[in-house]
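Which chain is which? The protein sequence lines are E and A, in order.
Going by full-length UniProt numbering, the first sequence opens with residue 1, and the numbers climb by one from there.
Going by full-length UniProt numbering, the second sequence opens with residue 1, and the numbers climb by one from there.
Accompanying notes for the structure given below.
2 protein chains.
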Amino acid sequence: MTERRDLAAMLQPLVKSLIAAELRVLEEHGISMWSYVVLSALDDSPIRTQAALAEAIGADKTRIISTLDRLQEAGLISRQPDPEDRRARLLAITQDGRSARRAAQADIQANEDRVLAALSAADRQAFLRAAQALSAIPHEEIVG
Amino acid sequence: MTERRDLAAMLQPLVKSLIAAELRVLEEHGISMWSYVVLSALDDSPIRTQAALAEAIGADKTRIISTLDRLQEAGLISRQPDPEDRRARLLAITQDGRSARRAAQADIQANEDRVLAALSAADRQAFLRAAQALSAIPHEEIVG
DNA sequence: TATTGTTATACTCTATAACTATA
DNA sequence: TATAGTTATAGAGTATAACAATA
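Here it is, written out as structure tokens:
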């Protein structure tokens, strides 16, 4: 392999910029990054409890509570006590939540597509394929 | 473009894992992430003042001072008053600093190569080429 | 006693402001 | 007065610990 910059040194500023762009879009849609992450997780696959949600998005369970409060207040998620285990709160995205998430995602990916247009079609496809593959590698396997 | 996950959502956990791996390697070498960033910047191109260094690595000037203190104490950089402007401190990496940086970088990239081996040779080359190209896009152009 | 969700506290990291010494 | 470097302070974000309710 020919000489190259560190992977993290290349990707970290890129990710930082992408997140900044995403925050700007989300602000227009009136939702925070944590809200978007939560809505996306609940939209992509059903998650029953708050602990499972926190685990799924790699957050601390204490960190998502205020986010869930706001999402519930805005009618973007529902949060009901589980009749079978009244300690737990059953989480679900609402139709409004789904709409909000998908509208935001469309704008976010439109901007990402604009950035990706800097690449050739072949490199763009390979880059997305590689990003997908690398993101599927477990944390522990990368840290070693 | 076919349906895909958000770019930031794919790359951010990857970068986080790469940084965790890097931190582990750096710990073995006895240097902090900020020290490594500073050494890399000074090794790659001469930088005269602390303000210019902070600017180059995207850090606050107040944030690098303790790092510079430690690097100087360890003999990895030199920091001398500029005779022509005694307010400024001329920075330079020492031979020991260069050795430390390059030894650390070799281990870091060896681990990155291990991760990149999950890709086909063609995708790996395209991914690195794309990462290089995308990381060269100015922050403002991505944020829009 | 163990677990879910919650609140309160402490800690880390970063940014802002104030200071000194030179110019 | 303006700038390079430094120190001190404050703020945001996160993690840790303690708590109430239920199992």
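A virtual CB, placed ideally from N, CA and C, is assigned to each residue, including glycine.
Would you kindly report the start and end of the unbroken alpha helix (DSSP H) that includes residue i?
i, result
"A:P81", "Counting along the chain, A:P81 falls outside any alpha helix (DSSP H), though it belongs to the beta strand (DSSP E) covering I77 to D82."
"E:I65", "I65 to E73"
"A:I93", "Here A:I93 belongs to no alpha helix (DSSP H); instead the beta strand (DSSP E) covers D85 to I93."
"A:L119", "Neither: A:L119 is in no alpha helix (DSSP H) and is coded neither H nor E."
"E:D60", "Careful: E:D60 lies outside any alpha helix (DSSP H) and carries neither H nor E."
"E:S45", "It is not in any alpha helix (DSSP H) - E:S45 carries neither H nor E in the DSSP assignment."
"E:I19", "L7 to H29"
"A:E140", "H139 to V143"
"A:A54", "Q50 to A56"
In chain order, what residues of the same chain have a beta carbon less than 8 Å from the beta carbon of residue i, not counting five sequence neighbours either side?
i, result
"A:I19", "M33"
"A:E73", "none"
"A:E28", "D107"
"E:A41", "I47, L53, A56 and I57"
CB-CB under 6 Å to residue i, same chain, minus the five flanking residues each way: which ones, in chain order?
i, result
"E:Q105", "none"
"E:A51", "K61"
"A:N111", "A21"
"A:R87", "none"
"A:G97", "L39, L76 and I77"
"A:S35", "T67 and L71"
"E:H139", "none"
"E:T49", "A88"
Strictly below 9 Å CB to CB, what residues from chain E border residue i?
i, result
"A:A20", "H139, I142 and V143"
"A:H38", "As written in the sequence, residue 38 of chain A is Val, which differs from the His given in the question. None at all; the shortest Cβ gap to chain E is about 13 Å."
"A:Q105", "D6"
Output, in chain order, the set of chain E residues within a Cβ distance shorter than 8 Å of residue i.
i, result
"A:Q112", "What sits at residue 112 of chain A in the sequence shown is Glu, not Gln. Residues of chain E passing the Cβ test: D6, L7 and A8."
"A:D123", "A126, R129, A130 and A133"
Along chain A, which residues have their Cβ under 8 Å away from the Cβ of residue i?
i, result
"E:S17", "I137, H139, I142 and V143"
"E:L11", "L11, L14, V15, L18, A131 and S135"
"E:G58", "P13"
Check whether the Cβ atoms of residue i and residue j lie closer than 8 Å to each other.
i, j, result
"E:Q132", "A:D6", "no"
"E:D60", "E:I93", "no"
"A:V143", "E:R63", "no"
"E:V38", "E:L14", "no"
"E:R89", "E:P81", "yes"
"E:R102", "E:L91", "no"
"A:L68", "A:I57", "no"
"E:A100", "A:L119", "no"
"E:D113", "A:A126", "no"
"E:I65", "A:V115", "no"
"A:S135", "E:M10", "yes"
"A:A8", "E:E22", "yes"
Residues of chain E with CB closer than 7 Å to the CB of residue i, please, in chain order.
i, result
"A:A118", "A133, L134 and I137"
"A:I108", "D6"
Please go through the same chain and pick out, in chain order, the residues whose beta-carbon is closer than 7 Å to the beta-carbon of residue i, but skip the five residues on each side of it.
i, result
"E:G30", "none"
"E:E3", "none"
Just to make sure I have the definition right: I need the residues of chain A whose C-beta is within less than 9 Å of the C-beta of residue i. Which are they?
i, result
"E:L97", "According to the sequence provided, residue 97 of chain E is Gly. The question's Leu does not apply to it. The contacting residues do not exist; E:G97 stays about 17 Å from chain A at best."
"E:R24", "V143 and G144"
The stretch 62-95 of chain A: positions lying closer than 7 Å to chain E by Cβ:
none
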